[in-house]
Amino acid sequence: MRPPGIAAAASAFAGVLLLTACGSDTGATAPEDADHAGVSPGETAPEGAGEDGAGEDGTGEDGAVLSAPERLIAAAQEGAGRASSFGFNEMGFVSDEVADSYRELLQENSLAGEDPEAQVSPASCAQPLAAVDFSPLLLAEAVRADYFAESFDGAGSIELATLQSPADEQRVAEHRENVAELLESCQDTEFTLDGVDYELRIQEPTLQDQDEVSAEQVQDTVAYSWRRSGGDGTTFAQILFTQVGSDIIMVSFTGGEAAESAEFTAIAEAIAAEASAALETEE
């Protein structure tokens, strides 16, 4: 049986963004084939998914065409494999074609804070709120896998990318600064976009004390959760961002209320730790 999460694949792209495509019909502005984002009904995350790396022809195990380095694909597979231990058994890679469409979506809309149609209160939160719509897919070498569970009304994802230039490093540093500013000064905001009023609550989840998460990774990790109310309902999300050497990892969940829970914080940490270990093994 196809789980409810598969139907949310389109909104998994745009839904996690704060000021992009945040109307009630989030799938409308997602890439046209976002609901085919490498996720085949019935596809399961294999055990030890990263052991064999990518397919010989540069595809993921679900057949999605990928141009990312095999080490990133293998680490994403390990992360998705860890997600399956929490019930996220449906997974698939985002193809290069869909990833390109998603990059365009971000690049066209990520400056919403400067758009006069996007009215944010407090006004000082407009810029960091818009700029926080960052994705590792914006960098040259990147890969993303999405995963779904019957028990969760929404979707999860893991993205990995390699920093290849000072510009990449600066972009990541600015993202960290934007998250810090939102958590410090913009926990409660209101904004109007496309004629719809929203209320937004941003919080910093408490990272869990896990044996598999090293002290170094905890230090290099930033995390935040948000709930956005308006339009036809409330959307919840949680994002964890960490760095391993010159590689970055972002684990996200968006959808129902469980997405912002402490349970999902622990799940996100475990997924990131698995991917981190795979990257370190490849070095």
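Residues -23 to -1, 1 to 260 in mature numbering (1 follows the signal peptide of the UniProt record, and there is no 0) are what the sequence shown lists, from first letter to last.
Don't be surprised by glycine CBs; every beta carbon is placed ideally from N, CA and C.
Buried or exposed (CB count within 10 angstroms, at least 16 for buried), residue 147: For the purposes of this step, residue 147 is taken as residue 170 along the sequence shown, with counting starting at 1. Label assigned to residue 147: exposed.
Going straight from the alpha carbon of residue 250 to that of residue 130, what length do you get? Working through the sequence shown from its first residue, we reach residue 250 at position 273. Working through the sequence shown from its first residue, we reach residue 130 at position 153. Cα-Cα distance, rounded: 24 Å.
Neighbour-count burial assignment, residue 99, 16 or more Cβ in a 10 Å radius: The count along the sequence shown starts at 1 and reaches residue 99 at position 122. Counting Cβ neighbours within 10 Å, residue 99 comes out exposed, since fewer than 16 surround it.
How many Å lie between residue 183 and residue 229 at the Cα? Translated into the one-based positions of the sequence shown, residue 183 becomes position 206. Translated into the one-based positions of the sequence shown, residue 229 becomes position 252. If you take the alpha carbons of residue 183 and residue 229, they lie about 15 Å apart.
If you run the structure through DSSP and keep just helix, strand and coil, what is residue 157? Here residue 157 is taken as the residue at index 180 of the sequence shown, counted from 1. Residue 157 falls in the helix class under three-state DSSP.
Span separating the alpha-carbon of residue 198 from that of residue 217: What you label residue 198 is simply residue 221 of the sequence shown in a count that begins at 1. What you label residue 217 is simply residue 240 of the sequence shown in a count that begins at 1. Roughly 7 Å between the two C-alpha positions.
How close, in whole Å, do the beta carbons of residue 223 and residue 166 come, if the pair is a contact with beta carbons under 8 Å? For the purposes of this step, residue 223 is identified with residue 246 of the sequence shown, where counting begins at 1. For the purposes of this step, residue 166 is identified with residue 189 of the sequence shown, where counting begins at 1. Not a contact, Cβ separation roughly 33 Å.
Return the CA-CA distance between residue 263 and residue 176, expressed in angstroms with no decimal places. Since the first and last residues shown for the chain are -23 and 260, residue 263 lies out of range.
May I ask you to verify whether the segment 73 to 82 touches the segment 145 to 164, counting CB pairs closer than 8 Å and requiring at least 3? no
Whose C-beta lies closer than 6 Å to the C-beta of residue 233 among residues of the same chain, with five residues either side of it excluded? What you label residue 233 is simply residue 256 of the sequence shown in a count that begins at 1. Answer for residue 233: 130 and 131, listed in chain order.
C-alpha distance - residue 206 paired with residue 48, whole-angstrom precision: The residue labelled residue 206 in the question sits at position 229 within the sequence shown. The residue labelled residue 48 in the question sits at position 71 within the sequence shown. One C-alpha to the other measures close to 39 Å.
Helix, strand or coil for residue 137, going by three-state DSSP, please let me know. If you number the sequence shown from 1, residue 137 lands on position 160. Strand.
State buried or exposed for residue 275, treating a residue as buried only when at least 16 other CB atoms are found within 10 Å of its CB. Here the chain covers residues -23 to 260 and nothing more, so residue 275 does not appear.
Hey, how far is the Cα of residue 231 from the Cα of residue 65? Counting from 1 along the sequence shown, the entry for residue 231 is found at position 254. Counting from 1 along the sequence shown, the entry for residue 65 is found at position 88. Residue 231 and residue 65: Cα-Cα distance of roughly 13 Å.
Just tell me which of 150, 61, 102 and 53 has its CA closest to the CA of residue 244. The residue labelled residue 244 in the question sits at position 267 within the sequence shown. Nearest of 150, 61, 102 and 53 to residue 244, Cα basis: 61.
DSSP three-state label for residue 185, please. Residue 185 sits at position 208 when you count from the first residue of the sequence shown. If DSSP states are grouped into helix, strand and coil, residue 185 belongs with coil.
Work out the CA separation of residue 255 and residue 96 for me, nearest whole Å. For the purposes of this step, residue 96 is taken as residue 119 along the sequence shown, with counting starting at 1. For the purposes of this step, residue 255 is taken as residue 278 along the sequence shown, with counting starting at 1. Taking the straight line joining both Cα atoms gives about 43 Å.
Quick check: residue 156 and residue 109, are their CB atoms within less than 9 Å of each other? Taking the first residue of the sequence shown as 1, we reach residue 156 at position 179. Taking the first residue of the sequence shown as 1, we reach residue 109 at position 132. Going by C-beta atoms, residue 156 is nearer than 9 Å to residue 109.
With a 10 Å radius around its C-beta and 16 neighbouring C-beta atoms as the bar for buried, classify residue 172 as buried or exposed. Start at 1 with the first residue of the sequence shown, and residue 172 comes out as number 195. Residue 172 is exposed by the Cβ-count criterion.
Measure the C-alpha to C-alpha separation of residue 153 and residue 170 and round it to an integer number of angstroms. Taking the sequence shown and counting its residues from 1, the one referred to as residue 153 is at position 176. Taking the sequence shown and counting its residues from 1, the one referred to as residue 170 is at position 193. Straight-line Cα distance between these residues: approximately 25 Å.
Please check if any C-beta of chain B sits within less than 9 Å of the C-beta of residue 101. Included in the structure is just one protein chain, with no chain B present.
Length of the line joining the Cα atoms of residue 59 and residue 238: As a first step, residue 59 must be located in the sequence shown, where it is residue number 82. As a first step, residue 238 must be located in the sequence shown, where it is residue number 261. Using only the alpha carbons, I get a separation of about 18 Å.
For the candidate residues 121, 50, 151 and 111, whose alpha-carbon lies nearest to that of residue 135? Start at 1 with the first residue of the sequence shown, and residue 135 comes out as number 158. Looking at the Cα atoms, 121 is the closest of the given residues.
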